[in-house]
Amino acid sequence: METCGQVGRLAETTVSGADGGAADRVDGEAVVWAVDRLDFDALQMRLTTSPAAVQRLAHQRPASYAAFDLLAVDGQDARSLPLRDRRALLEQLARDWTPPLNLSPATTDYDEAVTWFEQLHTAGIEGLVVKGAGDRYSGGVRQWVKVKHRDTLDVVCAAVIGPAHQPQEIIVGLPVEGELRIVGRSTPLRAAPARALGRLLRPAVGEGHPWPAQIKPGALDRFGNSGRELVDLTLVKPIVVEISADVAWSGRSFRHAVRYLRARPELDPVDVAERER
Numbered sequence: 001m002e003t004c005g006q007v008g009r010l011a012e013t014t015v016s017g018a019d020g021g022a023a024d025r026v027d028g029e030a031v032v033w034a035v036d037r038l039d040f041d042a043l044q045m046r047l048t049t050s051p052a053a054v055q056r057l058a059h060q061r062p063a064s065y066a067a068f069d070l071l072a073v074d075g076q077d078a079r080s081l082p083l084r085d086r087r088a089l090l091e092q093l094a095r096d097w098t099p100p101l102n103l104s105p106a107t108t109d110y111d112e113a114v115t116w117f118e119q120l121h122t123a124g125i126e127g128l129v130v131k132g133a134g135d136r137y138s139g140g141v142r143q144w145v146k147v148k149h150r151d152t153l154d155v156v157c158a159a160v161i162g163p164a165h166q167p168q169e170i171i172v173g174l175p176v177e178g179e180l181r182i183v184g185r186s187t188p189l190r191a192a193p194a195r196a197l198g199r200l201l202r203p204a205v206g207e208g209h210p211w212p213a214q215i216k217p218g219a220l221d222r223f224g225n226s227g228r229e230l231v232d233l234t235l236v237k238p239i240v241v242e243i244s245a246d247v248a249w250s251g252r253s254f255r256h257a258v259r260y261l262r263a264r265p266e267l268d269p270v271d272v273a274e275r276e277r
């Protein structure tokens, strides 16, 4: 059995023997459980920590592999088969699986899918992936629809990327333990909203700004893949903005980029509440 992923750092998810033949290939996702919910931070630590710590973490916080698709069976390429057939073969293959290899649940029942969406987010599951029953597997192509839980909330914008009069992205913060901390960045702004926001932004003055003018890329990118160059920020006077963000929260920041919705200049940044996690 061959699983797709960073096997070297997640060696305990490698399976063989009774769990599947060498000519079988599945697609899925590695996860780490913390009691009754997924722990994304623990998984990220496994993927970014030093090789010397990998074995220790494998014992302390073992990973599992949730398979959701079948790419090959008995050495035969299955990607051209429709999803309904690949799923049937995957379920047959999974009958003899034992942890850490697991079969990801799937349903064709709309009501059941709604129930999953409404209830499973408490276990750290961000949402659902919707696939067509007749779809073939096309690697490298966005063919599935992700339906995620999203919150609309007020945050503080105290810096932007690009010029203040035409910001390219906003950097957002929330109070954490009494300090305004950077908790994420937005997706690129469209031209019209960027100009409207730029008319409201004012340059930061004095030495009392809570953020530096340069930050490490890891402060904005939870996956740490933004390179090593410091990111230049244009510091501005803090202003409240409304954003849409998915519920995924990693450590003390949003796991994914947020969507800027509108400025809220009528609100005072000191009144923005700390996010409940």
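Count the sequence shown with full-length UniProt numbering and you get residues 1 to 277, in order.
Virtual Cβ for every residue (Gly too), placed ideally from N, Cα, C.
From a predicted model like this one, the values you see are computed outputs, not experimental measurements.
Excluding residues up to 5 positions away in sequence, GLN168, GLU169 lie with their Cβ nearer than 6 Å to the Cβ of ILE161 in the same chain. Look at ASP232 here: in three-state DSSP terms it is strand.
Sequence-distant partners of LEU233 (beyond 5 residues in either direction) whose C-beta falls short of 8 Å from its own C-beta, in its chain, are ALA159, VAL160, ILE161, ILE171, TRP211, PRO212, ALA213, GLN214, ILE215. The three-state secondary structure of GLY198, taken from DSSP, is helix. The segment 48 to 60 makes no contact with the segment 108 to 128: fewer than 3 CB pairs, one atom from each, lie closer than 8 Å.
Counting the other CB atoms within 10 Å of its CB gives TYR110 a total below 16, which places it among the exposed residues. Residue burial is scored here from C-beta neighbours: ASP69 has at least 16 other C-beta atoms within 10 angstroms and is therefore classed as buried. Within the segment 91 to 116, complete beta strand (DSSP E) segments of at least 3 residues are found at 101 to 103, given in chain order. As summarised for the segment 54 to 90, the continuous beta strand (DSSP E) elements at least 3 residues long and confined to that stretch are 63 to 73, given in chain order. With 16 or more other Cβ atoms inside 10 Å of its own Cβ, SER253 counts as buried. When only Cα atoms are considered, SER244 and GLU179 end up about 22 Å apart. In the three-state DSSP reduction, PRO238 falls in the strand class (E or B).
Annotated as distal: ALA133 and THR115, with beta-carbon spacing of 9 Å or more.
In the three-state reduction of the DSSP assignment, PRO163 falls in the coil class.
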